Every structure is written in structure tokens, then in C-alpha cells.
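Visitor: The structure under discussion is supplied below as C-alpha cells; questions concerning it will follow.
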Amino acid sequence: MPESVSARFAELCDQRRRRTPLQHLTGIAHFRHLQLQVGPGVFVPRPETELLAGAVLTELSELSELADTDSTTKNDKARRPFVIDLCSGSGAISLSVATEFDRVDVLGVERESAALEWSLKNLEQCRLGESTVEFISEDATTIAKARPDLCGRADIVVTNPPYVPDSAVPRDPEVAEHDPAAALYGGDSGLEIPGLIISQAEQLLRPGGLFLMEHSEEQGEGARELLAATASLRHAATFQDYTGRDRYTAARREA
Ligand SMILES: C[S@@+](CC[C@H](N)C(=O)[O-])C[C@H]1O[C@@H](n2cnc3c(N)ncnc32)[C@H](O)[C@@H]1O
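One point on numbering: in UniProt numbering, the residue at position 237 of the sequence shown is 237, and numbering is uninterrupted.
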């Protein structure tokens, strides 16, 4: 091995020993079928979020089967489903959905410019086929007011928002020191920002549209309570991750 390579390898091992995330050292995070570019300024996508993206894909398949079988919805067959990903970060959910489903339009909404830049890099390297993805710089807690043109249009609103309680600093240095604070902390209980996002999702969804939100293993009940307090999001149900812990909650906008 050339001296320069072994020296670089030793340097990387030392950075990892000091708990720099492996994904920052390799520059890559694996997520479903994608290899996403990540580094300082963006949240490293997690395996449990793959399930959330999977739930979006299941709903898209069901929508397309419905359009295929129901002759009264012939027009719907031509209509492309529209997904909004609030708090899109590296673009993990948006890009998975668009690369794994044939003809879908996805809008990713991200407030932090550093994170948005990573998602734009990831978009450049993805083959989208007939799907489209757009990432915009907006605050997901006020998007319905900023973009009234989006209201009532989304078939699915998906979000992996910041949901860690402000006082619960994560123990792992990889998370506490390297994931951006804006990606982690969701307010006093952790559910303050998710609550604001739920009220935006309610406005963005079309009647019958599906809302999907990731949360911590302790927040399933809190998420369902927030949804029950809305005017139109109903049938809230919580789903578990690969370890059997509560991980995301779904609800449907009343038709
Ligand atoms: C937990 S990360 C999720 C990123 C990505 N969706 C994923 O699953 O890997 C939350 C993201 O929300 C962004 N964010 C935080 N507050 C926001 C807000 N008010 N509006 C839009 N994005 C926000 C953060 O910058 C971060 O990229």
C-alpha cells in the first residue's frame, strides 16, 4: 500500500475513533436502493426511515391499482400522484419514492440551506425516469400560508420532522455533535414542531389523502392525540420499526 494511502487510512480511523460518523468519512449513506451523498450540515438518514418511505410507496401502489380497476376514475388514471415531503433533509424519502415509483411528482420542503444543498446534489445523481422531484427552501411549519397553491393538492404528505425533546441531548457523539440541531430538536416535549407540521399537512392534503409522520418510540400516543385534535385527520394508527418499537403514525384526511 502506498505510504499516502496508509497515512490517509490511519487519519480516517482516527476520526472514526473520535466518533465522526462513518457516513461523513465515506461521504455516503445507504438508504433503500440509494447511495446518498452526506456530510456536515445534513442529517444522516436512518434505516427506520426506510419503512416510512415504504409506506408512501405502498399507498402509491394502492392508488394506482384503484385507478386501474375503477372505471369511474378513468380520469384519475391519467392524473399523476403528488407527494409532499416536509423536512426533506438529504432527500432520502423524496428520492426513494421517485426512483421506486414510476410516475409520481414529489416536492421536498427544507428550511436549512446546507441540507437543501445536499439534497440538490443527490437529485443530480438520481435517475428519475418519468417521475419528478423538486426541492424548495421553505419553512414546513408555515408552508400552507407561503404556498396556498399547494393546499388541497397532495395525495400523500410524509414527514420525518425534528422530534427529540430539547432537553434530551442524544448520548451518541455521532448524533449530538454531527447531526444538525435543526434536524433533531422538536421543542420542549419534542412534539411541538411535529404539531405545527401536522396542521400544515392537514391543509396540503386533498380529501382522502394520507399523512405519514415518523416519531420516537415514546411519541406514538402523543402523535395520535395531536391528529385527533385536528378538524379533518382521522383513523390515526401507529406502526413499528424493525425492532418492534413505535416509529411512525398515519392518518387520513376525511373525504
Ligand atoms: C430528522 S431530519 C429528516 C431528514 C430526511 N427527511 C430524512 O428522513 O433523513 C429533519 C429535517 O428537517 C429540517 N427542518 C427542521 N425544521 C424545519 C422547518 N421548520 N421547515 C423545514 N425543514 C425543517 C432539518 O433541517 C432536517 O433536514
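Think of the CB as a built atom: it goes at the ideal place given N, C-alpha and C, for glycine as much as any other residue. Computed from a prediction, not measured in an experiment: that's the story for all the values here.
What do you get for L191, buried or exposed, if any count of 16 or more other CB atoms within 10 angstroms of its CB means buried?
Guide: Translated into the one-based positions of the sequence shown, residue 191 becomes position 191. Under this definition L191 is a buried residue.
Visitor: Can you tell which of G244, G91 and A231 has the C-alpha that lies nearest to the C-alpha of residue 257?
Guide: Residue coverage of the chain in this structure runs from 1 to 255, which leaves residue 257 outside it and unanswerable.
Visitor: If we ignore side chains and look at the alpha-carbon of each, how far apart do residue 281 and E110 end up?
Guide: It is not possible to answer for residue 281, since the shown part of the chain is limited to 1 through 255.
Visitor: In chain order, what residues of the same chain lie with their CB nearer than 6 Å to the CB of D105, ignoring the 5 residues before and after it?
Guide: Here residue 105 refers to the residue found at position 105 of the sequence shown. Same-chain partners within the cutoff: R80, F82 and T132.
Visitor: Quickly, what does DSSP pair E110 with across the bridge? List them, please.
Guide: Position 110 of the sequence shown, counted from the start, is the residue given in the question as residue 110. The partner list for E110 (beta bridge, DSSP) reads S137.
Visitor: Are the beta-carbon atoms belonging to I93 and V42 less than 8 Å from one another?
Guide: On the sequence shown, position 93 is the one that residue 93 refers to. On the sequence shown, position 42 is the one that residue 42 refers to. Taking 8 Å as the Cβ cut-off, I93 and V42 do not qualify as a contacting pair.
Visitor: According to DSSP, simplified to helix, strand and coil, what is V5?
Guide: Along the sequence shown, one-based indexing puts residue 5 at 5. In the structure shown, V5 sits in a helix (DSSP, three-state: H, G or I).
Visitor: So, at 7 Å on beta carbons, what are the nonlocal neighbours of G220 in its own chain, with the 5 sequence-adjacent residues on each side left out?
Guide: Looking up residue 220 in the sequence shown gives position 220. Closer than 7 Å at the Cβ level, and outside the excluded window around G220, lie T238, D246 and T249.
Visitor: Would the beta-carbon of L227 fall within 8 Å of that of I156?
Guide: Translated into the one-based positions of the sequence shown, residue 227 becomes position 227. Translated into the one-based positions of the sequence shown, residue 156 becomes position 156. Not a contact, by the Cβ cut-off of 8 Å.
Visitor: Relative to the C-alpha of A236, which candidate in P161, L128, G222 and V164 has its C-alpha closest?
Guide: Here residue 236 refers to the residue found at position 236 of the sequence shown. Among P161, L128, G222 and V164, the Cα nearest to that of A236 is on G222.
Visitor: Hey, L205 and A154 are a contact pair by Cβ (cut 8 Å); roughly how many whole angstroms apart?
Guide: Position 205 of the sequence shown holds residue 205. Position 154 of the sequence shown holds residue 154. Indeed they touch by this definition, with Cβ atoms about 5 Å apart.
Visitor: Ignore the nearest five residues each way along the sequence and tell me which others in H178's own chain have a CB closer than 6 Å to its CB.
Guide: For this step, residue 178 is matched to residue 178 along the sequence shown. So the list reads P21, once near-sequence residues are dropped.
Visitor: Do P173 and R19 have their C-beta atoms within less than 8 Å of each other?
Guide: For this step, residue 173 is matched to residue 173 along the sequence shown. For this step, residue 19 is matched to residue 19 along the sequence shown. Their beta carbons are under 8 Å apart, which means P173 touches R19 by this criterion.
Visitor: For E214, which three-state DSSP category applies?
Guide: For the purposes of this step, residue 214 is identified with residue 214 of the sequence shown, where counting begins at 1. If DSSP states are grouped into helix, strand and coil, E214 belongs with the strands.
Visitor: Report all residues from its chain with a CB closer than 8 Å to the CB of P180; omit the five preceding and five following residues, and keep chain order.
Guide: Within the sequence shown, numbered from 1, the residue matching residue 180 stands at position 180. Excluding sequence neighbours, P180 sits near G41, V42, F43, E112, A114 and A115.
Visitor: To the nearest angstrom, how far is it from the Cα of A53 to the Cα of V97?
Guide: Here residue 53 corresponds to residue number 53 of the sequence shown, with the count starting at 1. Here residue 97 corresponds to residue number 97 of the sequence shown, with the count starting at 1. Computed Cα separation, rounded: 6 Å.
Visitor: Classify H24 as helix, strand or coil using the three-state DSSP reduction.
Guide: On the sequence shown, position 24 is the one that residue 24 refers to. Correct three-state label for H24: helix.
Visitor: Is N160 close to ligand 1? I mean its beta-carbon at under 7 Å from any heavy atom of the ligand.
Guide: Looking up residue 160 in the sequence shown gives position 160. The answer is yes for N160.
Visitor: Give the single residue among E214, F101 and E218 whose Cα lies nearest to the Cα of L51.
Guide: Translated into the one-based positions of the sequence shown, residue 51 becomes position 51. Of the listed residues, the one whose Cα sits closest to L51 is E214.
Visitor: Hey, how far is the Cα of D166 from the Cα of S189?
Guide: Taking the sequence shown and counting its residues from 1, the one referred to as residue 166 is at position 166. Taking the sequence shown and counting its residues from 1, the one referred to as residue 189 is at position 189. Distance between the alpha carbons of D166 and S189 is about 7 Å.
Visitor: For the alpha helix (DSSP H) containing T69, list its first residue and its last residue.
Guide: Translated into the one-based positions of the sequence shown, residue 69 becomes position 69. Counting along the chain, the alpha helix (DSSP H) containing T69 begins and ends at P47 to T69.
Visitor: Whose CA, out of D70, I84 and D85, lies closest to the CA of A78?
Guide: As a position in the sequence shown, residue 78 is number 78, starting the count at 1. Of D70, I84 and D85, the residue nearest in Cα terms is D70.
Visitor: Where does the unbroken alpha helix (DSSP H) through A98 begin, and where does it stop?
Guide: Along the sequence shown, read from residue 1 onward, the residue named residue 98 stands at position 98. Unbroken alpha helix (DSSP H) run through A98: A92 to E100.
Visitor: Terminal residues of the continuous beta strand (DSSP E) containing R224?
Guide: To locate residue 224, count along the sequence shown from 1; it is residue 224. First-last for R224: G220 to A228, but that is the alpha helix (DSSP H), not the beta strand (DSSP E).
Visitor: Just verifying my parser: in three-state terms, what is the DSSP assignment at D155?
Guide: As a position in the sequence shown, residue 155 is number 155, starting the count at 1. The answer is strand: DSSP assigns D155 an E or B state.
Visitor: Is E112 near ligand 1, in the sense that its beta carbon is under 7 Å from a heavy atom of that ligand?
Guide: In the sequence shown, the residue the question calls residue 112 occupies position 112. Yes, since a heavy atom of ligand 1 falls inside the 7 Å radius drawn around the Cβ of E112.
Visitor: CB of C13 to nearest heavy atom of ligand 1: below 7 Å?
Guide: Along the sequence shown, read from residue 1 onward, the residue named residue 13 stands at position 13. Checking every heavy atom of ligand 1 against the Cβ of C13, none is found closer than 7 Å.
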